[in-house]
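Chains as they are written, first to last, in numbering that gives the first Met the number 0: chain A, 0 to 301; chain B, 0 to 262. Note that CB positions come from ideal geometry on N, CA and C, so glycine has one too.
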Amino acid sequence: MAILKVDNLCKHYGRLAAVDGISFAVQRGECFGLLGPNGAGKTTTIRMLYGYTPRDAGSLNLFDLDIDRDLRAIKRRIGICQQEDSLDPDLSVRQNLVGFARYFDIKKSEAEDRADELLRFFALENRARDNIRILSGGLKRRLMLARALVNSPDLLILDEPTTGLDPQSRQLLWDKLAELKSQGLTTLLTTHYMEEAERLCDRLVIVDHGHILIEGKPKALVRQQIGHSVLEITEPDAAVRDFLAAEHCRVEDLGQRLLVQLDDGDDLFLRLTREVRAEGCTLRPATLEDLFLKLTGRELRE
Amino acid sequence: MNWPRPTRISHRTWHVWQRNYSVYKQNWKISFIPPLLEPLFYILAFGLGLAVMIGDIELGGRTVAYTTFIAPALVAVAIMQNAFFETTFNSFVRMYYQKTFDALLTTPLNLEEVILGEMLWAATKSLIATVLMTIVLTGFGLISYPGALLLLPLALLGGLFFAALGMVCTALVPGIEMFNLPIFLGITPMFLFSGTFFPLANLPNWAQQVAWWLPLTHLVALVRAGTLQMLDASLWLSVLYLALTTAFLVPLAIALMVRRIVR
């Protein structure tokens, strides 16, 4: 059953089409990824999902409720972790959770129990009385995520949950998100970290310039679009280029570096390193990042 | 620009009020100091220093001491300042720097309720300041009862008016430093020329007519009528002025804030 149905969603700012006809559906219990470079329209899409940004066209259904008719009922059942820190610096860690529960009309005693439960889950119980201002970036993110769960949502929406975090904090958040998923929580996630998407998402879409470029399961997409592995060759000379041309491989030429997309087997790699050149040749598994860069291009954004 | 629909407002508005109240409660010892000390300073400065030179004032056929004359004006000014500063600087910080409104909008609350809750809280701050100041001024024997009880509804009405006025500014200023403009052009002149420290009758005729349109003039007149127990029918005009402008400014402030925030 689809928890969220997005159909032909559009948002224009002047002449810029920030979101230009996006459609997808998120099924109960799955983690769905919305991937794209900066400015692709991810955050605008997320904001339309909870009525923060009014949409220009398209329809939005959550829990089989129409967003125009039942926005309040919908918002009661979703948890949103925004990209920017919006914790209340005037309140302590625990008060941030208990106070937030009030907006959902949750009774105080129930809110306090829920807050303690979430503090334990995110290993924040020792910081319960601390002021928000002294928390590190990683702790703030954990608390943001805890706050998004205070109403025990049926759908968790995460907008770039690990941007700017150190590897330790990121690993911990990923573990916690995986644990929540195993408990059956449906999650919609935006990210531009491919490792994050590969690790967490059951299905994903890659968006750019307000359009969906591709949709599917991360592993299957990589296999289909890139192949099994990628051969990287740094500073290729004429001999290497001639060899590859004779083999009719799919080569992406970056000037100083060649990327060769390979299907099953390491035969070509072995022949290249034996017969032509071994130095600067690396065989590695194909990743979502290869696919992402292939689809969205390599030029810098912003 | 879309005017707010009353159907968009629910009991959840009070959750915004409660958020601000719970923060205020944490710092009440500090929050209480200005409304307690401010009247004290003014009464000492004006009562000991200036009143000696001025003597008594002729007011509506009654002679009152200068300190008694300015005491209600201090309350009216506090009503204005508490509400106006709350919905300008404090609301702006919550909106722009702390992203508090953004967080609230991920809950069942809507923006209309957030803005209305902010204004109701600002009016409440005016009420708290009024109560504290009235206690101090009563201690100096500058306030008469039961007329002074009128200050409670007046604090809420005046507080809501200036809260809405401040929120309109917040919806329009590009950055927080720009609040100096409405303060310098609006709040400070009102502080001086609304019958606060001298009767309006002392002004030239044209200036009196300008001063009549200042909202603080009406609030001062009403508060003073309460503390001196000098009620007359002309005060209804002041009540009407504040009620009508508040009824216009509150939805205007909400509509302008929606225009500013919703993108």
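{"Query": "Does the beta-carbon distance from THR87(B) to GLY165(B) come in below 8 Å?", "Result": "yes"}
{"Query": "Measuring only between beta-carbons, confirm whether LYS98(B) sits less than 8 Å from chain A.", "Result": "yes"}
{"Query": "Could you please give me the residues that DSSP links to GLN260(A) through a beta bridge?", "Result": "VAL229(A) and ARG249(A)"}
{"Query": "Quick one: which residues of the segment 15 to 44 of chain B get their C-beta closer than 7 Å to a C-beta of chain A? List them in chain order.", "Result": "GLN17, ARG18, SER21 and VAL22"}
{"Query": "In this structure, how does DSSP classify LEU154(A) when only helix, strand and coil are distinguished?", "Result": "strand"}
{"Query": "Using a threshold of 8 Å, state whether the C-beta atoms of ASP101(B) and GLN81(A) are closer than that.", "Result": "yes"}
{"Query": "Counting only the same chain and skipping the five closest in sequence on each side, list residues whose C-beta sits under 7 Å from that of LEU287(A).", "Result": "MET193, ALA196, GLU197, PRO217 and VAL221"}
{"Query": "Under 8 Å, with one C-beta from each stretch per pair, do the segment 153 to 169 of chain B and the segment 238 to 257 of chain B reach the 3-pair mark?", "Result": "yes"}
{"Query": "Tell me, please, whether the CB atom of VAL76(B) is closer than 8 Å to any CB atom in chain A?", "Result": "no"}
{"Query": "Quick check: does the Cβ of ASN179(B) come within less than 7 Å of any heavy atom belonging to the ligand COA?", "Result": "The ligand COA is not part of this structure, which contains no ligands at all."}
{"Query": "Counting pairs of Cβ atoms below 8 Å between the segment 26 to 43 of chain B and the segment 64 to 77 of chain B, do you hit three or more?", "Result": "yes"}
{"Query": "Comparing alpha-carbon positions, which option in THR161(A), LEU179(A), TRP173(A) and ARG256(A) lies nearest LEU117(A)?", "Result": "LEU179(A)"}
{"Query": "Does any residue of chain A bring its CB to less than 8 Å from the CB of LEU218(B)?", "Result": "no"}
{"Query": "According to DSSP, is ILE205(A) helix, strand or coil?", "Result": "strand"}
{"Query": "Flag this pair as touching only if the segment 18 to 28 of chain A and the segment 0 to 8 of chain A have three or more C-beta atom pairs under 8 Å; answer yes or no.", "Result": "yes"}
{"Query": "If contact means a Cβ-Cβ distance below 7 Å, which residues of the segment 101 to 131 of chain B contact chain A?", "Result": "ASP101, ALA102, LEU103, LEU104, THR105, THR106, PRO107 and LEU108"}
{"Query": "Between ASN95(A) and the rest of its own chain, which residues show a CB-CB distance below 7 Å, the 5 nearest in sequence each way excluded?", "Result": "LEU86, ASP87, ILE131, LEU142 and ARG146"}
{"Query": "Can we say the segment 96 to 112 of chain A touches the segment 163 to 179 of chain A, given the rule of at least three CB pairs closer than 8 Å?", "Result": "no"}
{"Query": "If you drop the 5 nearest sequence neighbours on each side, which residues of the same chain put their C-beta closer than 8 Å to that of ALA16(A)?", "Result": "CYS9, LYS10, HIS208 and GLY209"}
{"Query": "Which residue's Cα is closest to the Cα of GLY137(A): LEU155(A), HIS247(A) and PRO160(A)?", "Result": "PRO160(A)"}
{"Query": "On a Cα-Cα basis, can you pick out the residue from GLY183(A), GLU83(A) and ARG119(A) that is closest to ASP93(A)?", "Result": "Note that residue 93(A) is Arg in the sequence shown here, rather than Asp. ARG93(A) has its Cα closest to that of ARG119(A), out of GLY183(A), GLU83(A) and ARG119(A)."}
{"Query": "Taking 7 Å as the limit between beta carbons, can you name the residues of its chain near THR44(A), skipping five residues before and five after?", "Result": "LEU8, VAL18, ILE21 and LEU33"}
{"Query": "Residues of chain A with a CB under 8 Å from the CB of VAL209(B): which are they?", "Result": "Simply none; closest approach about 40 Å."}
{"Query": "Using three-state DSSP, classify ALA285(A) as helix, strand or coil.", "Result": "coil"}
{"Query": "Scan the segment 227 to 239 of chain B for residues whose Cβ lies nearer than 8 Å to a Cβ of chain A and list them as they occur along the chain.", "Result": "none"}
{"Query": "So if DSSP puts GLN26(A) in a beta bridge, which residue, or which two residues, is it bridged to?", "Result": "ALA1(A)"}
{"Query": "From VAL209(B) to PHE83(B), what distance separates their C-alpha atoms?", "Result": "21 Å"}
{"Query": "In angstroms, rounded to a whole number, what distance separates the CA positions of GLU111(B) and ARG7(B)?", "Result": "7 Å"}
{"Query": "Would you say LYS180(A) reaches chain B, if we count a Cβ-Cβ gap shorter than 8 Å as a contact?", "Result": "no"}
{"Query": "Measuring straight from C-alpha to C-alpha, what distance separates GLY140(B) and THR226(B)?", "Result": "11 Å"}
{"Query": "Any beta carbon from chain A within less than 8 Å of ARG7(B)'s own beta carbon?", "Result": "no"}
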